[in-house]
Amino acid sequence: MKAIHTENAPAAIGPYSQAVESGNLVFTSGQIPLDPKTGNIVSGGIKEQTKRACENLKAVLEAAGSSLEKAVKTTCFLKSISDFADFNEVYAGYFTGKPARSCFEVGALPKGALVEIEVVAEK
Numbered sequence: 009m010k011a012i013h014t015e016n017a018p019a020a021i022g023p024y025s026q027a028v029e030s031g032n033l034v035f036t037s038g039q040i041p042l043d044p045k046t047g048n049i050v051s052g053g054i055k056e057q058t059k060r061a062c063e064n065l066k067a068v069l070e071a072a073g074s075s076l077e078k079a080v081k082t083t084c085f086l087k088s089i090s091d092f093a094d095f096n097e098v099y100a101g102y103f104t105g106k107p108a109r110s111c112f113e114v115g116a117l118p119k120g121a122l123v124e125i126e127v128v129a130e131k
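Numbers given in my numbering equal positions in the sequence shown, counted from 1, plus 8.
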């Protein structure tokens, strides 16, 4: 197992890696919409936050030698399921390969985020 790290995505805010590589797979930690330069949640609503979370995932996967196009499974956490349609609109532009997915509402996310996404991708 190999830990993955890039400065182009937010640093882990706890005792975990941005991603780990195991065999031919990359497992990302959940990415919330933190701006990697400021460490703050991006302003705006679910669309802006989904875009930032996806950009963070893109950077982590690229650091691992993978990409969003190689995603096989995503798990998506929404603060409010009422954001589902707007979330899907942005998500669909990033995950064009239509990986398997679970998406559900959660009680709270770190730093008050509206969305968190994790990915399993092939190398």
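In this text, a Cβ means the ideal position worked out from N, Cα and C, and glycines have one as well.
Predicted model only: the values in this text are computed from it and were never measured.
field: Neighbourhood of K81 by C-beta distance below 6 Å, restricted to the same chain and skipping five residues each side
entry: Translated into the one-based positions of the sequence shown, residue 81 becomes position 73. Around K81: P107, A108, V128.
- prompt: Should V114 go down as buried or exposed, given a rule of 16 or more other Cβ atoms within 10 Å for buried?
  reply: Counted from its first residue, the sequence shown places residue 114 at position 106. Note on V114: under 16 other CB atoms within 10 angstroms of its CB, so exposed under the neighbour-count rule.
task: Could you check what DSSP says for V114 in three-state terms: helix, strand or coil?
output: In the sequence shown, counting from the first residue as 1, residue 114 sits at position 106. Reduced to three states, the DSSP call for V114 is coil.
message: Which residue marks the beginning of the alpha helix (DSSP H) containing F92, and which one marks its end?
response: Stepping through the sequence shown from its first residue, residue 92 is reached at position 84. Taken as a continuous stretch (DSSP letters only), the alpha helix (DSSP H) holding F92 covers 92–102.
- prompt: I40 to N32, Cα distance in whole Å?
  reply: Along the sequence shown, one-based indexing puts residue 40 at 32. Along the sequence shown, one-based indexing puts residue 32 at 24. So the two alpha carbons sit approximately 25 Å from each other.
query: Based on the DSSP output, what are the partners of E126 in its beta bridges?
result: For the purposes of this step, residue 126 is identified with residue 118 of the sequence shown, where counting begins at 1. In DSSP, E126 forms a bridge with T83.
The segment 45–52 / the segment 70–81 touching (three or more Cβ pairs under 8 Å): no
task: Leaving out five residues on either side along the sequence, give the residues of the same chain with a beta carbon under 7 Å from the beta carbon of N30.
output: Walking along the sequence shown from the start, residue 30 turns up at place 22. Inspection of the sequence shows that residue 30 is occupied by Ser rather than by Asn. Contacts found: M9.
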